[in-house]
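Line by line, the protein sequences are chains A and B.
When you read off a place in the first sequence, starting at 1, and then add 781, the result is the number in the working numbering.
When you read off a place in the second sequence, starting at 1, and then add 2, the result is the number in the working numbering.
Each residue gets a CB set at the ideal place from its N, CA and C atoms; glycine is no exception.
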Amino acid sequence: MSEAHDIVRAAEEMRWRLPRNYQDRLTEAIYAEAARIAEKSVARRGTSRRLDLQVRLDRLLTGPWTGLPIIALCFAVVLWLTISGANVPSAMLADLLMGQVYPWLRELAFAGLWPWLAGLLVDGMYLATAWVISVMLPPMAIFFPLFTLLEDLGYLPRVAFNLDRLFHRVGAHGKQALTMAMGYGCNAAGVIAARVIDSPRERLIAIVTNNFALCNGRWPTQILIASIFLGALAPAALAGVAATAAVFGIAVLGFGLSLLSSWVLSRTVLRGEASTFSLELPPYRPPNILRTLYTSLIDRTLFVLWRAVVFALPAGALIWLVGNVSIADRTVASWAVGGLDPLAWFLGLNGVILLAYIIAIPANEIIIPTVLMLTVLVTGNTELGAGAGVMFEAEDDGVRRILTEGGWTALTGLCLMLFSLCHNPCSTTIYTIYKETRSWKWTALATGMPLVVGFVLCAAVAAVWRWVA
Amino acid sequence: MNEPRPSSQSARRHDAPSGAEAAASPGEKLAALRLAERHEVEDLLRALFECEHHGHAASDARLAGLTGASRASVLKTLARASAAGLAENAEDGWQLTPAGRDIAVLIMRAHRLIETQLARESSVPPSRWHEVAHAHEHGLTRDEVNRLADRLDNPRFDPHGDPIPTREGRIPEPEGQPLLSWRLEETGVIAHLEDEPPSLFAHLVATGLFAGMRFRVAERRPDASVLLVEGRSITLPAELAAMVRVRPLLESETPPPAAAIRLSDLPRGAAADVVTLLPGCIGGERSRLLDLGFVPGSRLEHALQSPFNGPAAFRVRGTLIALRREQAEQVLVVPAAAGA
C-alpha cells in the first residue's frame, strides 16, 4: 500500500519535471519520422515545367499590382455573363410559363372553380411561382457553374489570399471574400458558403453581412431603375455611362458597407480577436466541366430555387389578396400604400415600394413586377395593368410611363436603388440564415441590420436632396 | 447574514467530508453566505494561498493589495472567513485552515484552467483572459473543474506559465527569478508573465512575449531592457520588465540557434528550415500548423506575398500554404544557406 503511494508520489513529482512542451515534441517526432519515411520511399517525377507555369500564374494572380484588378475583372465578367446571358432563357421561360401555360390554366380554373379561388390559385400563387422560376432559374444556372468553375480552377483561394488583409483589418476572415462573391449570385448560397469559415465568430460576421453583396435578383432592378431615372439626369450621349456608374457605385457601396458592418460587429456583439488564417492554395488544375455542371446545378441552383418556390406560393396568394380584398370600398393594397406613404416620403420612397418589399419578400426578383402591379392598382390606370393582383413587366418606356404617372422622381429612383441594396434579405435567405445559425437572435440581427442601414441611408439622402433641390 | 443561498451550486461544490451532522462544516458555512460575500471570501482565500505559496506574511495590507479591496472590507471578509473556519489569525499574519486551503486551491485551479481553455479554444484576446476567468471561477463545482481539466488533457501550466494545481491540490514550489536580476548574455526561459494590472499586461502581450519562450538580455539600460527572444529583438520598458519572471534552461532545453529568425522575417523567395513552433502558438492552431507540415526540419520557401502586406504563402512539402503575419511570427526558422 505504502509502496503504491510512493509510486504515485514519485509520478506526481516527475510530472512537473517533464519539459513544458513534451506533448509537442512527441507530435513533432511522429511527423518527422513520417516525413523521413516518405522521403525514402516516394519517388517524384520531374514536373518542373508545369510547376514553373504555376509559379508564373501565381505571380500574376496574386501580384501587388495585378491581383486586385484581375479579381475585379473576373467578377465583372462573371456578372456580365450572368445578367446578359440570362435574358434570353428568362424570356423563353416567361413565354412558356406566363404566355402559354398561364392563359390555359386560367381558363381551366375560371371554368371550374369559384372566381375568387381561381384568381387566388392562378393569378396569385401560380403566377408568383412562375415569375420566381423564370427570373431566378436562368441567372443561377449560369452564375453557379461559372463560380464552381473558378473554384475548381483553384482561383478562389487566391481571391481570399489577396483580400485577406482587408477583411483581417475589420476583424473578419479572408474567406469572407468568397462568401461575398457567392452572395453576388445569391445571398442564400452565400450564407451556406460561410461554412468554409472555421471560427464561429467570423462565420457569423460573414453570414450577417452577406446581404450587402448585391444578389442576382437585385441587379436587374438596379440596372432598370438606373437607366430610367439616373441615366436621364445625364446628357443623352452619356446616359448609358451614368447609369452604369450608378449601378457600379451601388455595388461598391455594398462592398464598403459589408466591411464597415463587419468592423462594427467585431467590436460590439461579435467581439474577439481575428482568428488564424491558414489557407492552402491548391495547384491550378483544368476543371472537370461535367462534374462542375452537375454539382452546381443540383447542390446550389435547384436547392435555392426549391426554397424560393416554397416561399413564393404563399406570397403569391398574399399579393393577390391585397389587390383584391376590399375593406370599405378600398383594396387592402390601397389602404396599406396610404398608410405607408408618410414613412416612405421620409425615406424618399413611396408607399407602393415599401408595400412591394413587404409582400414580395420571397424573392427580390419580383419586386419590379409587384411595384408595377401596385402602381397601376393605386393610380387606377387600367389600360396598362393586367388585372388587380396580377404582376407584370413592361418595356423600359412602359415602366417609365407607369412610374412617372405614379409620381416617381429621380430621388425615388436613387432611394429605391439604395433601399434595394440595404433592406432585409429575402425570405429564402432569412430561412437559410436560421438553418445555418440555429438562432433567432442572429437571424433577427441579419434581417434587421441592413433594414436599419437602409432607412438611415435613404432618409439622409432624401433630406439632403430636398434641401439642395 | 445567514439567509439561505438561492443556488445549491456551492453546496454541491464544497462537499468536504463532514463528520458532524449537527455542526456545519466550513464549506457549508461558506455556502450559506450571500453570493457576493462568498466571492469575496473565496478571493481572499486565494490571496492567502498566494502569500503562503510564496512565503510572504499575510498582513491585511498585503491582502488588500492582492485582492484589490479596501483594508476595511478585507478585515470584514477576514472575519467572515475565520467565522466559517477557513482562515485563522496567527502570530505573523493570517493563515489558511486546511478547509480554507482546499477551497483556495480549487479556485486557483478553476481560474488557471479557464484561462487555458480561453487561450486554446476561444477568440478572447489575452488581455481579457484574467477578467473572464475571474468572472467564471466561482461558478464551477469541483466535478465541473475536474471535467474541464480532463477535457483539456490535464494541462500542467496555464498560458501565463503558472502551474495549475493538480486534482489532489498539489502545486510545485515557485520557480524563477525577476527578469531584472537575470545575467546579461545568458540564455533563459520566460517563466511567468504577471497579468495584473490588465492595462500593462496588454502592453506586455503586444510585445510578443509568451511564457516558455527562450531569451537572453542583450543590453540593459536604466529605462529598458533589450531582449533577444526567439530570433527577434524586443525592447522592454522597465515597468513591463518588472512583470516578467524567468528561469534557467532545463536539462532538456537548448538555446535557439544563433541564425534563427521568425518565419515572418524571411525575405521573399528565400528558403529556410523550421526549428520549432513557438509556445505562443497553442491549441488548434498549433495542431493545424503541424498538420500542414510546419514541423521541425521541414524545408520552407517564401513563395508569395499578398497585397497590403497581408498573408504570405509558403511552399511546404509541395503545397502552398498561406499564413497571416501573426502566425508566421510563431514559427522559428533558420534561413538556408544560398544554393543549399
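Under the Cβ criterion (8 Å, minimum of three pairs), the segment 49-69 of chain B does not count as touching the segment 120-128 of chain B. Not flagged as an interface residue toward chain A: residue 164 of chain B, since no C-beta distance is shorter than 9 Å. The segment 1017-1024 of chain A makes no contact with the segment 1217-1224 of chain A; the number of CB pairs closer than 8 Å stays below 3. For the segment 834-858 of chain A, residues whose beta-carbon sits nearer than 7 Å to a beta-carbon of chain B comprise 839, 843, 845, 848, 849. Taking the C-beta atoms as reference points, residue 315 of chain B is found no nearer than 9 Å to residue 995 of chain A. Residue 843 of chain A and residue 938 of chain A have their C-alpha atoms some 11 Å from each other. Residue 1116 of chain A and residue 328 of chain B have their C-alpha atoms spaced approximately 59 Å apart. Residue contact check for residue 232 of chain B against chain A: no CB pair falls below 9 Å. Annotation: residue 104 of chain B to residue 177 of chain B spans about 22 Å, alpha carbon to alpha carbon. Not a single C-beta of chain A is nearer than 9 Å to the C-beta of residue 217 of chain B.
Distance from the Cα of residue 1123 of chain A is smallest, within the candidate group A:878, A:810, A:1240, for A:1240. By the criterion of a C-beta distance shorter than 6 Å, residue 60 of chain B is surrounded in its chain by 50, 53, 95, 96, once the five residues flanking it on both sides are discounted.
DSSP places residue 1218 of chain A in the helix class (H, G or I) of the three-state scheme.
For the beta strand (DSSP E) assignment, the segment 936-978 of chain A encloses no uninterrupted run of at least 3 residues. Contact check for residue 943 of chain A and residue 1210 of chain A: beta-carbon distance about 27 Å, past the 8 Å limit, so the pair fails to qualify. Of the residues assessed, residue 961 of chain A falls on the buried side of the cut-off, its CB having 16 or more other CB atoms within 10 angstroms.
Nearest CB-CB separation between residue 228 of chain B and chain A: not below the 9 Å threshold. Secondary structure in the segment 13-82 of chain B: the alpha helix (DSSP H) runs of 4 residues or longer, each lying completely within the stretch, are 28-33, 37-56, 62-69 in chain order.
At least 9 Å separates the beta-carbon of residue 233 of chain B from that of residue 282 of chain B.
For residue 311 of chain B, the three-state secondary structure derived from DSSP is helix. At a beta-carbon threshold of 9 Å, the residues of chain B lying near residue 946 of chain A are 308, 309, 310, 311, 312, 313, 326, ordered along the chain. Taking the C-beta atoms as reference points, residue 115 of chain B is found no nearer than 9 Å to residue 47 of chain B. At a cut-off of 9 Å between beta-carbon atoms, residue 159 of chain B makes contact with chain A. Residue 274 of chain B sits close to residue 336 of chain B, with the two beta carbons spaced by under 9 Å. For residue 982 of chain A, same chain residues with a beta-carbon under 6 Å away, outside a window of 5 residues either side, are 1051, 1053 in chain order. Annotation: residue 256 of chain B to residue 187 of chain B spans about 15 Å, alpha carbon to alpha carbon.
In the structure shown, residue 235 of chain B falls within a strand segment according to DSSP collapsed to helix, strand and coil.
In the three-state scheme derived from DSSP, where H, G and I count as helix and E and B as strand, residue 118 of chain B is classed as helix. Taking all protein chains shown into account, residue 73 of chain B has fewer than 16 neighbouring C-beta atoms within 10 Å of its C-beta and is therefore exposed.
Within chain A, the residues whose beta carbon sits less than 8 Å from that of residue 323 of chain B are 1059, 1060, 1061, 1062, listed in sequence order. Within chain B, no C-beta atom comes nearer than 7 Å to that of residue 993 of chain A; the closest sits roughly 21 Å away.
What residue 103 of chain B touches in chain A, judged by beta-carbon distance under 7 Å, is nothing: the nearest beta carbon there is about 18 Å away.
Interface flag for residue 290 of chain B against chain A is set, since a Cβ pair is found closer than 9 Å. In this structure residue 954 of chain A does not touch residue 915 of chain A by the C-beta definition: roughly 36 Å separates them, more than the 8 Å allowed. Taking all protein chains shown into account, residue 868 of chain A has fewer than 16 neighbouring C-beta atoms within 10 Å of its C-beta and is therefore exposed. Approximately 5 Å separates the beta-carbon atoms of residue 1074 of chain A and residue 926 of chain A; this is inside 8 Å, confirming the contact.
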